[in-house]
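Worksheet for the structure shown next.
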Amino acid sequence: GAGVSQSPRYKVAKRGQDVALRCDPISGHVSLFWYQQALGQGPEFLTYFQNEAQLDKSGLPSDRFFAERPEGSVSTLKIQRTQQEDSAVYLCASSLQVLDSYEQYFGPGTRLTVT
Amino acid sequence: QQPVQSPQAVILREGEDAVINCSSSKALYSVHWYRQKHGEAPVFLMILLKGGEQKGHDKISASFNEKKQQSSLYLTASQLSYSGTYFCGTEKGAQKLVFGQGTRLTINP
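Line by line, the protein sequences give chains A and B.
Residue numbering for the first sequence follows the working numbering, beginning at 1 and increasing consecutively.
Residue numbering for the second sequence follows the working numbering, beginning at 116 and increasing consecutively.
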């Protein structure tokens, strides 16, 4: 079956531009997560959705970052007025379960480079 | 609180064994183990929930000590395909994972 897909795989943006990153989770997965991964580091939590509800956005670095999942399936992470420090790989993950500990399935990520 | 992994990097010859540790100063709710190859998505290996729990498949296994402050990942008779960066993650509420800094494993022929 299809896994988590993300698009675009690579994005180059000039400083100050807005970008939108898309995540298609595994069909039927209730939970969706966004992580930011800097070079040589582990993924860092950004935000979490349960269906269409954004339950935790404590990891978003600034108010320039915004995420949505309006129909409880596809999610978009938007970054406004990009800065060089936003350069990273943005990973999306989905999970079937809500309450119990359950594996997260990761997408291949979008590598964002801000010049 | 971010878990701490050790060692930061390991280089092995094919067939050798490796142990990767993940520890915290406080009890961990659970431990998730993932492997990530360069440029690819992290791939789930296993979850340990209970103190004293051990799990494994093929030649990769893990343990979670009784006090739930340390987990170890064991790779036996390593294969070239085991190369990659291994991350442990612990939950901070509702599956929100906090990952360690990673352990880079290189397997040479």
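A virtual CB, placed ideally from N, CA and C, is assigned to each residue, including glycine.
Going by DSSP, G204(B) is part of the beta strand (DSSP E) stretching over G199 to E206. Interface annotation for the segment 149-175 of chain B against chain A: E155, A156, P157, F159, I162 and L164, criterion Cβ-Cβ distance under 7 angstroms.
Think of a sphere of 7 angstroms around the beta carbon of L112(A): no beta carbon from chain B falls inside it, the nearest being about 14 angstroms out. Runs of beta strand (DSSP E) with 3 or more residues, each lying fully within the segment 31-106 of chain A, are found at 31-37, 44-50, 53-56, 65-68, 75-79 and 88-95, listed in chain order.
Using a CB distance below 7 angstroms, the part of the segment 50-80 of chain A facing chain B consists of L55 and D56, ordered along the chain.
Less than 7 angstroms divides the Cβ of G217(B) from the Cβ of G42(A). In chain order, T205 and E206 place their CB closer than 7 angstroms to the CB of Y144(B), counting only its own chain and leaving out the 5 sequence neighbours on each side. Residues of the same chain with a CB within less than 7 angstroms of the CB of L91(A), apart from the 5 flanking positions on each side, are Y35, Q37, P43, F106, G107 and G109 in chain order.
When secondary structure is reduced to three states using DSSP, L220(B) falls in the strand class. The distance from the Cβ of G166(B) to that of K141(B) is about 13 angstroms, inconsistent with a contact at the 8 angstroms cut-off. Taking C-beta separations shorter than 6 angstroms and ignoring five residues to either side along the sequence, the partners of Y10(A) in its chain run R111, following chain order. Close CB contacts of G199(B) within its chain, under the 7 angstroms cut and outside five residues either way in sequence, are with R150, Q151, K152 and L220 (chain order). Runs of the beta strand (DSSP E) lying entirely within the segment 129-183 of chain B, each at least 3 residues long, are 133-138, 146-151, 158-163, 169-172 and 175-179 in chain order. When Cβ pairs closer than 8 angstroms are counted between the two stretches, the segment 74-89 of chain A is seen to touch the segment 18-34 of chain A, the count reaching three or more. Leaving aside the five residues that flank K14(A) on each side, the residues in its chain whose CB is nearer than 7 angstroms to its CB run, in chain order, T115. Q54(A) and K78(A) have their C-alpha atoms spaced approximately 14 angstroms apart. Our two residues, Y48(A) and L32(A), have alpha carbons roughly 6 angstroms apart in a direct line. Apart from sequence neighbours up to five positions away, the residues of its chain that approach H29(A) with a beta-carbon distance below 7 angstroms are S94, S95 and L96, ordered along the chain. If you draw a straight line from the Cα of S87(A) to the Cα of Q185(B), it comes to about 32 angstroms. For S5(A), the enclosing beta strand (DSSP E) begins and ends at S5 to S7. Closest by C-alpha distance to S187(B), out of I222(B), S139(B) and P224(B), is S139(B). Among the residues of chain A, those whose CB is under 9 angstroms from the CB of V213(B) are G42, E44 and F45, following chain order.
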